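So the sequence shown is numbered by the numbering used here: it starts at 142 and just counts up by one. Some notes on the structure that comes next.
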Amino acid sequence: MVRALHSHCRGHWFEPSIVHNWLHHSSPPAGGGRAFRSHRKGELGLNSENAVVIGSGILNALNLRESKDIDVVVTEEKYKKLSDNNRFRKEQNHGREILNDDLFEIGTSWTVVGKNWKFDDLLNHSITIDGVRYNTVEFLLDAKRRWIADGEGRQKDIDDVKLMEQYLSGLK
């Protein structure tokens, strides 16, 4: 079962089908909440062949905890196309340029576990759920453990590590 993406700051649920449709078609779905209605129609054209939802999105998809936004690594080609879309603001995040619209943060890499991971690098550390590619729980667990060991972990990272360890122990 896949949990809906929820935005704490917006106070409404993002059903997996809505996220899937918006990633693939970008048309704000009927009843999809203010964030979707506020975006202009267009096409993001994101799919499992050009995008990986990174970070805690996998925890949301596996019904472990809610996520407040959607962080995505895309191919260089897709990023160039999306950067022409005036829906996104170009910003800096951890020293890399991203596209941000307050729901999605889209970049071409994720610097974690001692490496700058691009889309192709993440493929071997990903899983596809309902047509959306996510980093694996194991990959995220490794990343959060390293953040904590390096003194960069937040309380939510500590909580997430416990959550992921419980989840993975239940799979054995």
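For glycine and all other residues, C-beta sits at the position ideal for the given N, C-alpha and C. Please read all numbers here as calculations on a predicted model, not as lab measurements.
| query | result |
| --- | --- |
| Ordered list of alpha helix (DSSP H) runs contained in the stretch 241-313, each at least 4 residues | 260-263, 278-290 and 296-312 |
| Beta-ladder partner(s) of D212, from DSSP | I195 and E246 |
| Straight-line gap, M305 to V278 (C-alpha atoms, nearest Å) | 7 Å |
| Candidates D243, G186 and N204: closest to D212 by CA position | D243 |
| Sub-8 Å separation of W251 and I289 beta-carbons | no |
| Pick from A192, G186 and L185 that is closest to Y275, judged by C-alpha positions | A192 |
| Of the residues G255, G186, S224 and F245, the one placed nearest K285, counting alpha carbons only | G255 |
| Same chain, Cβ closer than 8 Å to N265, neighbours up to 5 away in sequence not counted | none |
| Same chain, Cβ closer than 6 Å to V253, five either side skipped, listed in chain order | A284 |
| Residues that DSSP places opposite K231 in a beta bridge | L240 |
| Terminal residues of the alpha helix (DSSP H) in which S224 lies | E217 to S224 |
| Local Cβ density within 10 Å of S310, reported as buried at 16 or more and exposed below that | exposed |
| Whole-angstrom distance between N234 and L282, CA atom to CA atom | 21 Å |
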